[in-house]
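Each residue of the sequence shown is one higher than the one before, starting from 5 at the first, in our numbering.
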Amino acid sequence: MEIAVIAGTPFDAEVGAALLRDAGHAATPYPMAGSADEQDAMQYESPDTLRAAFHDLVRDLDTRSHRVAMLFCNSLSAVVGDDTAAEAATLAVVSPTAVYHEAAAAYRRVLVVTGNGSAVVGYERATGSTAHRALCVSDPMLVRAIETGDPATAFHRSSLPDTLRLAERNEFEAVVLACTHFTAVLPHVLAACRLPVVDVGGRLVELTARAAVAAAADGLLDRST
């Protein structure tokens, strides 16, 4: 079963597709913009246009008999929303919101690091309960540095190491990497931080792979009846 990977830029679309392929699933990337700058401009200046383009893509994938799509971009998810019921008859879209709910259920105080302000809004909207306290910061420059192809240098030259130490000093319970680009620096985050780390991108791949297996099983059952 081929999984559609919908993302903000070609970089994160291909990262998501590569992770799914490594897990044994066929995947095709579908970026919504050509660069991080273009994606940010669309989110901030033309959100209605971006939302319409996303829903058009969902309908197109549905007509081409895709069963599962992964929305592999936190900020894009915040802008377009997660309700695809009106657009797709059979396509299931797995989005970062599912991982946000898991984090909110597991931890009361988290540091959330995002790629831009849209993703901050998306996290807060999804986990709005006062029982879950989140300090959200965004680092758009780290996103762009990662896209140059040297995640280690991007991490060590960013403010993220200091931000992780801030989370430890203030006794946060966990760190949430709420940008799919940041999956590329996960090994460096784990080496630098003693707190549990929720990698939204990695968890999205796990949930999507599970959805694909379930959809394939349903298809086999349909053909046998």
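Glycine residues also receive a C-beta, built at the ideal position from the N, C-alpha and C atoms.
The C-alpha of VAL202 lies about 10 Å from the C-alpha of LEU115. Counting only residues of its own chain and dropping the five nearest sequence neighbours on each side, PRO51 has a CB closer than 8 Å to the CB of VAL83. Residue pairing by DSSP places SER142 opposite THR118 in a beta bridge. Excluding the 5 residues flanking it on each side, GLU42 has no same chain C-beta neighbour closer than 7 Å. Judged by DSSP in its simplified three-state form, LEU61 adopts helix. With a contact defined as Cβ atoms closer than 8 Å, ALA73 and LEU80 miss out at about 12 Å.
Collapsing the DSSP output to three states places ARG113 in a strand. CYS183 and PRO14 have their alpha carbons spaced roughly 14 Å apart.
In the three-state reduction of the DSSP assignment, THR53 falls in the helix class.
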